[in-house]
Amino acid sequence: MSIAAAVEAYTGEKFGSEGTLTALRLVADAVQAVEQITNTGLTLSVLEDQLLAQRWAESAFNRDSLFAYSAVGCTGLDTVPLAGDATAGQLKRILSDVAALATKCNIPVMARVLPIAGKKAGDATSFKSTYLFDTMI
Numbered sequence: 159m160s161i162a163a164a165v166e167a168y169t170g171e172k173f174g175s176e177g178t179l180t181a182l183r184l185v186a187d188a189v190q191a192v193e194q195i196t197n198t199g200l201t202l203s204v205l206e207d208q209l210l211a212q213r214w215a216e217s218a219f220n221r222d223s224l225f226a227y228s229a230v231g232c233t234g235l236d237t238v239p240l241a242g243d244a245t246a247g248q249l250k251r252i253l254s255d256v257a258a259l260a261t262k263c264n265i266p267v268m269a270r271v272l273p274i275a276g277k278k279a280g281d282a283t284s285f286k287s288t289y290l291f292d293t294m295i
């Protein structure tokens, strides 16, 4: 089961709606208690989880949402699609946000973003992979 499906089962709403942050915090706390670790590192891999990819395409959540979820135990930006013409300035600002959250909260935060060649914001991805699910840029 995907983490998005678990959150939706708990909240009764789409992943990304009100209550998502709380549900993720509860899962992170439970994992931390069982594994006795300080940071659960829940991974919300947008392109590797079919339901997350679907909710991303529906604009149910976005990069800023992923940063907020990181503050309660998620890993940051993972397999987040970007337009292929993303500029160095845009990438720098994304990485600056990662660094700001990591240093302010004293937690590890990652950014695995994927500029998709030839695709612009609003375009659909077209992966030929069993590991990546299609969504919108």
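The sequence shown begins at 159 in this note's numbering and counts up by one.
Yeah, the Cβ is synthetic: ideal placement off N, Cα and C, and Gly gets one too.
Under a three-way DSSP split, which group does residue i fall into?
| i | result |
| --- | --- |
| S203 | strand |
| I161 | helix |
| E171 | coil |
| E193 | helix |
| E166 | helix |
With C-beta atoms as the reference, is residue i less than 8 Å away from residue j?
| i | j | result |
| --- | --- | --- |
| F173 | L224 | no |
| T237 | V204 | yes |
| M268 | A282 | no |
| L200 | L184 | no |
| V256 | G234 | yes |
| G242 | I265 | no |
| A218 | S284 | no |
| L290 | E206 | yes |
| L202 | Y168 | no |
Would you report the Cα separation of residue i and residue j, rounded to the nearest angstrom?
| i | j | result |
| --- | --- | --- |
| L272 | L240 | 6 Å |
| V192 | G276 | 44 Å |
| T288 | A163 | 20 Å |
| K278 | S160 | 28 Å |
| L253 | A260 | 10 Å |
| Q208 | C263 | 29 Å |
| V165 | E171 | 8 Å |
| D222 | V189 | 24 Å |
| G280 | T245 | 17 Å |
| D292 | L249 | 22 Å |
| A258 | R251 | 10 Å |
| D187 | A229 | 12 Å |
Discussion item. Which complete alpha helix (DSSP H) runs does the region 216 to 294 hold, if anything under 4 residues is left out?
Written reply: 221 to 228 and 246 to 263
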